[in-house]
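Undergrad: Encoded as structure tokens, here's the structure I'll be asking about.
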Amino acid sequence: MTSRGVFLGLALTLAAGAAFAQDKPVRIGVHNDRSGLYADIGGVGSEVAARMAAEDFGGKVLGRPIEILAADNQNKADIASALTRKWIDAEGVSAVTDGAGSATSLASYSIAQETGALALISGAYASAFTGKACSPTGTQWSPNTTALANAIAKMLVDKGHKTFFFITVDYVFGHSMQKDMTDAVVAAGGRVVGSVKHPLNNNDFSSHLLQAQSSNADVIVLANGGGDMINSIKQAHEFALKQALVAPLTFISDLDSLGLQTAGGLIFADVFYWDRTEKTRAWSKRFMERHGGRAPTTVQAMTYTAVLHYLDAVQAAGTEKGEVVQAKMRALPVRSPLVDNAKVREDGRVIMDFFIAEAKKPGESKYAKDYYKIIGTLPGEPLFTPLSASECPLVKKG
Numbered sequence: 427m428t429s430r431g432v433f434l435g436l437a438l439t440l441a442a443g444a445a446f447a448q449d450k451p452v453r454i455g456v457h458n459d460r461s462g463l464y465a466d467i468g469g470v471g472s473e474v475a476a477r478m479a480a481e482d483f484g485g486k487v488l489g490r491p492i493e494i495l496a497a498d499n500q501n502k503a504d505i506a507s508a509l510t511r512k513w514i515d516a517e518g519v520s521a522v523t524d525g526a527g528s529a530t531s532l533a534s535y536s537i538a539q540e541t542g543a544l545a546l547i548s549g550a551y552a553s554a555f556t557g558k559a560c561s562p563t564g565t566q567w568s569p570n571t572t573a574l575a576n577a578i579a580k581m582l583v584d585k586g587h588k589t590f591f592f593i594t595v596d597y598v599f600g601h602s603m604q605k606d607m608t609d610a611v612v613a614a615g616g617r618v619v620g621s622v623k624h625p626l627n628n629n630d631f632s633s634h635l636l637q638a639q640s641s642n643a644d645v646i647v648l649a650n651g652g653g654d655m656i657n658s659i660k661q662a663h664e665f666a667l668k669q670a671l672v673a674p675l676t677f678i679s680d681l682d683s684l685g686l687q688t689a690g691g692l693i694f695a696d697v698f699y700w701d702r703t704e705k706t707r708a709w710s711k712r713f714m715e716r717h718g719g720r721a722p723t724t725v726q727a728m729t730y731t732a733v734l735h736y737l738d739a740v741q742a743a744g745t746e747k748g749e750v751v752q753a754k755m756r757a758l759p760v761r762s763p764l765v766d767n768a769k770v771r772e773d774g775r776v777i778m779d780f781f782i783a784e785a786k787k788p789g790e791s792k793y794a795k796d797y798y799k800i801i802g803t804l805p806g807e808p809l810f811t812p813l814s815a816s817e818c819p820l821v822k823k824g
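FYI, our numbering numbers position 305 of the sequence shown as 731, with every residue one higher than the one before it.
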């Protein structure tokens, strides 16, 4: 072959490689529990939300198509870890989101950090993600246990509820929720008179509820979620407990399962409700058309918000490189229509405003999914651990 032929062949090879790189999709993985006790909270709905974010962004970023991959991690840490590694190493995924429970999310989070991919935690609520376990390529979009506790505890104590008893799921989220709520209760002037733990995916809460009842606490706090929280409330209703019942981690899917006859009066805090504003209603209507009429949960709304902001950051950075994109995520405003005053802090914590809600009684609900009575709003910044007290090694002190 002549030197000109060699040169031409090399040029064609380089051009083909450049074209392939240009067409290679930007891939985002959504993994969560799609078959167990958290399936209604995230599940297929988080995949729907991620696809909506990709479409709303325009379907392409950096001139390349956006692809959403999705899988069931069965709420098992080993599966979440192996799946995250396979996606990143073999399928070119540059960011993973949702994660489901805190244990599975932490497993995925560590793999993402090790490989330099982005972890957009929208399904797990433990405060560790932006504490000791914070990552240079991680952000936590779901509200955390610290903020939920601070939002609720002072209001309850101010209303005259002075003593608290915990029914706590025995894994990362439950431990975090009980600790943070205890700290918030004590700071507000209340006290904890007892607690009892239960295994994940528990069916019988009779002994736990009897202990709570005999404690004579003013408030029983359910430091659990999903199917465990639903079973706790159903059985508490059967026991006709007189104490106030508080479930900090309450989702609209839980109220669907419980019905307002059982859930009416339940107190909780949140950052998203489908029927809160014109913008949330418009987005939620689109979501419900795609997801069998089911109203979006906070996890699903935060998945949408996280993916949209990630794509904004990739576009602004001109690359998928993890730490470069993470820096852009901190610098750019969060433009989601679903939450108020959102921003990404240097520890990866996403700050946003909260509201306090009470589940409506049956006679107060006027139309389908009209479940929440918003009884107060709170600025987000004071509810989260301040950076000055952060255990995150990424935070510059002094």
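For every residue, glycine included, the Cβ atom is placed at its ideal position computed from N, Cα and C.
Can you look up N657 in the DSSP assignment and give me helix, strand or coil?
TA: As a first step, residue 657 must be located in the sequence shown, where it is residue number 231. In this structure, N657 counts as helix in the three-state DSSP scheme.
Undergrad: Rounded to the nearest angstrom, what separates V821 and E790 at their Cα positions?
TA: Mapped onto the sequence shown, residue 821 falls at position 395. Mapped onto the sequence shown, residue 790 falls at position 364. Their backbone Cα atoms lie some 46 Å apart in a straight line.
Undergrad: I need the straight-line Cα distance from I693 to G653, nearest angstrom please.
TA: Translated into the one-based positions of the sequence shown, residue 693 becomes position 267. Translated into the one-based positions of the sequence shown, residue 653 becomes position 227. The straight-line gap from Cα to Cα measures roughly 18 Å.
Undergrad: Applying the 10 Å Cβ sphere with the 16-neighbour rule, what's the burial state of E749?
TA: Within the sequence shown, numbered from 1, the residue matching residue 749 stands at position 323. By the neighbour-count rule (16 or more Cβ atoms within 10 Å), E749 is not buried but exposed.
Undergrad: Please name the residue or residues paired with A695 in a DSSP beta bridge.
TA: Indexing the sequence shown from 1 puts residue 695 at position 269. For A695, which the question treats as bridged, DSSP gives the partners I782.
Undergrad: Indicate the three-state DSSP secondary structure (helix, strand or coil) for S568 in the structure shown.
TA: Counted from its first residue, the sequence shown places residue 568 at position 142. Coil, per DSSP.
Undergrad: Might you give, ordered along the chain, the residues of its own chain that have their beta carbon closer than 6 Å to the beta carbon of F555, omitting 5 neighbours on each side?
TA: Residue 555 sits at position 129 when you count from the first residue of the sequence shown. Closer than 6 Å at Cβ, skipping near neighbours: I547 and Q566.
Undergrad: Straight-line CA distance for T745 to A638?
TA: What you label residue 745 is simply residue 319 of the sequence shown in a count that begins at 1. What you label residue 638 is simply residue 212 of the sequence shown in a count that begins at 1. Taking the straight line joining both Cα atoms gives about 53 Å.
Undergrad: What is the DSSP secondary structure of E493, reduced to helix, strand or coil?
TA: Position 67 of the sequence shown, counting from 1, holds the residue named residue 493. Correct three-state label for E493: strand.
Undergrad: T594 lies in the beta strand (DSSP E); which residues open and close that run?
TA: Counting from 1 along the sequence shown, the entry for residue 594 is found at position 168. T589 to V595 is the span of the beta strand (DSSP E), which, as asked, contains T594.
Undergrad: Output yes or no for whether 8 Å exceeds the beta carbon distance between S658 and L648.
TA: Counting from one through the sequence shown, the residue named residue 658 turns up at place 232. Counting from one through the sequence shown, the residue named residue 648 turns up at place 222. Cβ distance < 8 Å, so S658 and L648 count as in contact.
Undergrad: Leaving out five residues before and five after V487 in sequence, what residues of the same chain have Cβ atoms less than 6 Å from its Cβ?
TA: Counting from 1 along the sequence shown, the entry for residue 487 is found at position 61. Excluding sequence neighbours, V487 sits near V452, L737, V740 and Q741.
Undergrad: Which value, in whole angstroms, describes the spacing of the CA atoms of F780 and K799?
TA: Residue mapping note: residue 780 aligns to position 354 of the sequence shown, counting from 1. Residue mapping note: residue 799 aligns to position 373 of the sequence shown, counting from 1. So the two alpha carbons sit approximately 14 Å from each other.
Undergrad: I need the straight-line Cα distance from T703 to S640, nearest angstrom please.
TA: Residue mapping note: residue 703 aligns to position 277 of the sequence shown, counting from 1. Residue mapping note: residue 640 aligns to position 214 of the sequence shown, counting from 1. Taking the straight line from one Cα to the other gives about 42 Å.
Undergrad: Within its chain, find whatever has a CB closer than 8 Å to the CB of A579; leave out the 5 residues flanking it on each side and keep chain order.
TA: Residue 579 sits at position 153 when you count from the first residue of the sequence shown. Around A579: M607, A610, V611, A613, A614 and G616.
Undergrad: From A545 to N642, what distance separates their C-alpha atoms?
TA: Within the sequence shown, residue 545 is the residue found at index 119, counting from 1. Within the sequence shown, residue 642 is the residue found at index 216, counting from 1. Going by the C-alpha atoms only, they are around 43 Å apart.
Undergrad: Express the C-alpha separation of N501 and T530 in angstroms, rounding to a whole number.
TA: Here the question's residue 530 lines up with position 104 in the sequence shown. Here the question's residue 501 lines up with position 75 in the sequence shown. Roughly 6 Å between the two C-alpha positions.
Undergrad: Which one of M603, G620, V618 and H663 has the shortest CA to CA distance from F631?
TA: Within the sequence shown, residue 631 is the residue found at index 205, counting from 1. Closest by alpha carbon: H663.
Undergrad: Taking 6 Å as the limit between beta carbons, can you name the residues of its chain near A575, skipping five residues before and five after?
TA: Start at 1 with the first residue of the sequence shown, and residue 575 comes out as number 149. Here the set comprises D606, M607 and A610.
Undergrad: Look at the alpha carbon of L440 and the alpha carbon of P491, and state the distance between them as a whole number of angstroms.
TA: Position 14 of the sequence shown holds residue 440. Position 65 of the sequence shown holds residue 491. In this prediction, L440 scores a pLDDT of 46, lower than 50, which makes its location untrustworthy; the coordinate-derived value is nonetheless stated afterwards. Taking the straight line joining both Cα atoms gives about 21 Å.
Undergrad: Distance, Cα to Cα, T811 vs T572?
TA: Position 385 of the sequence shown, counting from 1, holds the residue named residue 811. Position 146 of the sequence shown, counting from 1, holds the residue named residue 572. Straight-line Cα distance between these residues: approximately 7 Å.
Undergrad: Would you give the residue range spanned by the beta strand (DSSP E) that Y798 belongs to?
TA: As a position in the sequence shown, residue 798 is number 372, starting the count at 1. Element bounds for Y798: Y798 to L804.
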